[in-house]
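Counting in our numbering, the sequence shown runs from 1 upward without gaps. No residue lacks a Cβ here, since even glycine has one placed at the ideal position from N, Cα and C.
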Amino acid sequence: GKGGSIRGIDRIPLARLEGFALLCILWNTIMEIIEDISLRSFNTFGIEAKAERFVAVRTEAQLRKALLNLPGPFRILGGGSNILLTGDLKGTVIKNEISGIEVLENEGENTLVCAGGGMGWHELVLWSLDHDLGGIENL
């Protein structure tokens, strides 16, 4: 029969997905949404502030799902070191935990690397040094 689709999953017909493929797509979109959460442990100053709604995303599919289905305004949070909270936050705080590193181009002395926005800077620098891609450690 005709299969439906999962919203935000690029309209893949469910009838074409079987077993493991369907499980992987569903797993990549499952997120825990927490309401009225303290952000103290999510900022390096340890300031007490609350988020009306909080979700951590680990994949691009989860990020799309959060932006399409949760109410704004949206605030993106990384490691919490470049933020000074002055009060509670309305809307949805999205903690970016998208990781991964991919070499897009490698031509002689020039290498183009794509890193997930949720990666820590130190982790990226160590990866680049381990792969003989020195230079960003000086930034």
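- DSSP, reduced to helix, strand and coil, places residue 54 within a strand of the structure shown.
- Burial state of residue 103 is exposed, judged by a 10 Å Cβ sphere holding fewer than 16 other Cβ atoms.
- Taken in chain order, the complete beta strand (DSSP E) segments of 3 or more residues contained in the region 53-126 are 74-77, 89-96, 101-107 and 110-115.
- The criterion of a C-beta distance shorter than 8 Å is satisfied by residue 78 and residue 96.
- Cβ-Cβ separation between residue 116 and residue 94: approximately 14 Å, too far for a contact (criterion under 8 Å).
- Relative to residue 39, the option among 126, 49 and 33 whose CA is nearest is 49.
- A distance below 8 Å separates the beta carbons of residue 53 and residue 70.
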